[in-house]
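Residue numbering for the sequence shown follows the numbering used here, starting at 5 and increasing by one per position. From the three backbone atoms N, C-alpha and C, an ideal C-beta is built for every residue, glycine too. These figures come from a predicted structure and were not determined experimentally.
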Amino acid sequence: MSADCHDTGDPGTGAVLTDMPRVALVGSPNAGKTSVFNSLTGLKAKTGNYPGVTVSRFVGTFRVGGRSYAVEDLPGTYSLEPISPDEQITVDVLDGRLENVPRPDALLVVVDATTLRRSLGFVAQVLARGLPTCVVVTFTDELTRRQGHLDVEALGQALGVPVLPVVGHRGHGIGELRERLAEWRSWPRPVMPPPADPDEADAWAESVLAFAGYRSAERHRVTQRVDAVLLHPVLGTAVFFVVMLLFFQTVFTLAAPLQGYVEAFFGWLSGLVAAHVHVAWLSGLLGDAVIGGVGGVLVFVPQIVLLFLLIALLEGVGYMSRAAFLMDRVMARAGLEGRAFVALLSSFACAIPGIMATRTLPSAKDRVATMMAAPLMTCSARLPVYVLLIGLLVDPSVKVGPFGAQGLVMFGMYLLGAVSAMVAAWAFKRLGDRRGLVMPFYMEMPPYRLPAPRSVLVAMWDSSRSFIRKCSTIIMVTTVGLWLLLNLPLHSAAQMRAAGVDPGDATAVSSYVVDHSYAADLGRLVAPVFDPLGFDWRVNVGVLSAQSARETFVATLGQVAAAEDPEHPAQVLRTMTYPDGPRAGQRVFTAPTIAALLVYFAYALQCMATVGIMRRETGTWKWPAVAFTYLTATAWVMAYLARTITTMLGG
5 MSADCHDTGD PGTGAVLTDM PRVALVGSPN AGKTSVFNSL TGLKAKTGNY
55 PGVTVSRFVG TFRVGGRSYA VEDLPGTYSL EPISPDEQIT VDVLDGRLEN
105 VPRPDALLVV VDATTLRRSL GFVAQVLARG LPTCVVVTFT DELTRRQGHL
155 DVEALGQALG VPVLPVVGHR GHGIGELRER LAEWRSWPRP VMPPPADPDE
205 ADAWAESVLA FAGYRSAERH RVTQRVDAVL LHPVLGTAVF FVVMLLFFQT
255 VFTLAAPLQG YVEAFFGWLS GLVAAHVHVA WLSGLLGDAV IGGVGGVLVF
305 VPQIVLLFLL IALLEGVGYM SRAAFLMDRV MARAGLEGRA FVALLSSFAC
355 AIPGIMATRT LPSAKDRVAT MMAAPLMTCS ARLPVYVLLI GLLVDPSVKV
405 GPFGAQGLVM FGMYLLGAVS AMVAAWAFKR LGDRRGLVMP FYMEMPPYRL
455 PAPRSVLVAM WDSSRSFIRK CSTIIMVTTV GLWLLLNLPL HSAAQMRAAG
505 VDPGDATAVS SYVVDHSYAA DLGRLVAPVF DPLGFDWRVN VGVLSAQSAR
555 ETFVATLGQV AAAEDPEHPA QVLRTMTYPD GPRAGQRVFT APTIAALLVY
605 FAYALQCMAT VGIMRRETGT WKWPAVAFTY LTATAWVMAY LARTITTMLG
655 G
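Shown next, in the form of structure tokens:
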């Protein structure tokens, strides 16, 4: 989930590095391959996609001996007999079958010392490719702690290739690895390739292990004891829900003070603009569009950063694979498998990496069903909207037992998204494959480890950076466009007086301009669609603007509120009333309307980047059109039900 949220990549990434020797990293998931890659490249990596497909590629460079080398982190795989698209990519790269992606000059095979017996089959398949190869053994420190043993030098003699021990997340052995990579042309190669026959390959692996004096690591005692609880069908599921509940409580509780500081900072900036920029239109553009719009979204950066920090910690500790194992039973009821849960889990950061992660699924029908469900998972783009609306709905001081009511509502929204995604996956799976066959699910569960702080912070920053980048691109462009819509057409002083507005009253003028703007016309144009949900034209404009990116809903309301009262925009939202119509004078943000908005945003597909990535993944506009139509219709119906039920309950 640390991949860039909305960066679909540059297919030509490899082209700029063709003049350098190319080294590819291959290995199974959880072998420490990415840690080795990060240590080699110093985290200076370019992210893109393989030509024609959206499987992420990570290409970095490093220098040694005065020369630069390109290193590519290939998708993790347990075998070179692919069963899924991402595994097929690894095989195609090694065999030089991808257009515009040169075959690697040398290979680094990363293997986990604690699972070396299983890894040798994969090593044999790689050595059969005939490329200069070096085996990198990770987690040798853990092997020793768990009473295992490996003679690394003897392992190299048995394999006939260089073998180096590396502890990637601490950087141990990386310097020697760089020096060895500079000599890749002279690496020794096996006199004979490993046997291809399965029985002979097993015997070969046993002889290699015996020669290297390999003794398997004892079972990780802490992992055994903890897994006895966390993998229990009942206790494990209960712990999972408690972890998620505490997760969202933490996001609200710890981020609130930081959010206050960020809000105060942007308020100070807005004040500077008002005091020093005396050109009315420029002051409005900077104060309302840039600071009021973009700043209104950046206020939620503390929640976003904390969200990704907690996700990175759970991944680093090893809990996420346990969650996938537990949810495999749930996914099976939807006709899917645990790998689909991993893809859906990735959608908590953003639907785009979640949809891209469906390439790990062997079944094309499973991939489509998971893609149709992924946008329902509560992504980080919804978080600013939820925080804003829940803040309007629930007082921060309200508690339910020891838990804050705001955190409980947030947990409920995430739970609603997850349950809805399961239902959608089940429906599309049944429609696409009535046999409902479930592929066997295999996922390695690494022992619990304390994650390296640097790795956690890098993962957190990579994901948070994409959110901030959107604020400086998509949201910036959208908010400037909205500012123009909210301030045009221009009105003369005579028109103001004719309408009963004092041209000298800045607040009255601003309110009049907004209420008679092109944005107001647009919001009123679609009013018949959203009136049953309790939305007024200002909310309608926010909902429409959210089609580019959900966060712009917050920016839109921020601009409207800032235009009406620059000093107290939050209070404006709380007291905002319908300007006309049958509800004239009534508050807009009542409990039924907020409930309808929350549910609408839970279901609606309001991200054109997601639509685009669906198009690239499926190769057709059919499935993006289906997703947009069914999710928009579902959002309206469910929002109407939420408003109706809340009204009946006295909201």
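Test item: CB-CB of residue i and residue j under 7 Å
i	j	result
residue 614	residue 356	yes
residue 153	residue 240	no
residue 507	residue 497	yes
residue 2	residue 360	A question about residue 2 goes unanswered here, because the residues of the chain that appear run from 5 up to 655.
residue 25	residue 73	yes
residue 468	residue 308	yes
residue 166	residue 156	no
residue 112	residue 77	no
residue 656	residue 118	The structure shown does not extend to residue 656, since the chain is modelled only from 5 through 655, so no value can be given for it.
residue 366	residue 87	yes
residue 162	residue 212	yes
For residue i, the first and last residue of its enclosing beta strand (DSSP E)
i	result
residue 45	Note, residue 45: premise wrong, no beta strand (DSSP E); alpha helix (DSSP H) at 37–45.
residue 168	167–169
residue 181	Segment 178–185 is the alpha helix (DSSP H) holding residue 181; no beta strand (DSSP E) there.
residue 623	It is not in any beta strand (DSSP E) - residue 623 carries neither H nor E in the DSSP assignment.
Distance between residue j and residue i (C-alpha atoms, nearest Å)
i	j	result
residue 518	residue 631	34 Å
residue 623	residue 617	10 Å
residue 258	residue 266	14 Å
residue 504	residue 548	31 Å
residue 223	residue 378	36 Å
residue 221	residue 347	31 Å
residue 276	residue 579	26 Å
residue 129	residue 330	32 Å
residue 649	residue 291	39 Å
residue 110	residue 177	19 Å
residue 453	residue 306	26 Å
residue 81	residue 114	11 Å
residue 607	residue 84	39 Å
Residue i, DSSP secondary structure in three states
i	result
residue 154	coil
residue 593	coil
residue 76	strand
residue 133	coil
residue 588	strand
residue 4	Only positions 5 to 655 of the chain appear in this structure, which leaves residue 4 out of reach.
residue 50	Since pLDDT at residue 50 reaches only 47, below the 50 mark, its modelled position is unreliable, and no value is offered.
residue 142	strand
residue 407	strand
residue 223	coil
residue 382	coil
residue 241	helix
residue 26	strand
residue 71	strand
residue 81	coil
residue 581	strand
residue 421	helix
residue 339	coil
residue 31	strand
residue 399	coil
residue 360	helix
residue 610	coil
Close beta carbons around residue i, own chain, < 7 Å, minus the five adjacent residues each side
i	result
residue 605	386, 389, 554
residue 552	478, 482, 612
residue 646	599, 600, 603
residue 90	59, 79, 363, 364
residue 527	541, 542, 544, 545
Beta-carbon contacts of residue i that lie in its chain and below 6 Å, excluding the five residues immediately before and after
i	result
residue 643	537, 600, 603, 604
residue 314	251
residue 349	none
residue 530	544
Extent of the continuous alpha helix (DSSP H) to which residue i belongs
i	result
residue 637	626–652
residue 498	497–502
residue 371	368–377
residue 512	510–519
residue 542	541–549
residue 111	Looking at the DSSP string, residue 111 is not in any alpha helix (DSSP H); the run it does join, the beta strand (DSSP E), is 110–116.
residue 320	305–321
residue 92	89–98
residue 193	Residue 193 -> no alpha helix (DSSP H), and no H or E assigned at all.
Contacts around residue i, its chain only, beta-carbon distance under 8 Å, and the 5 residues preceding and following it disregarded
i	result
residue 375	359, 362, 618, 621, 622, 627, 631
residue 273	295, 299
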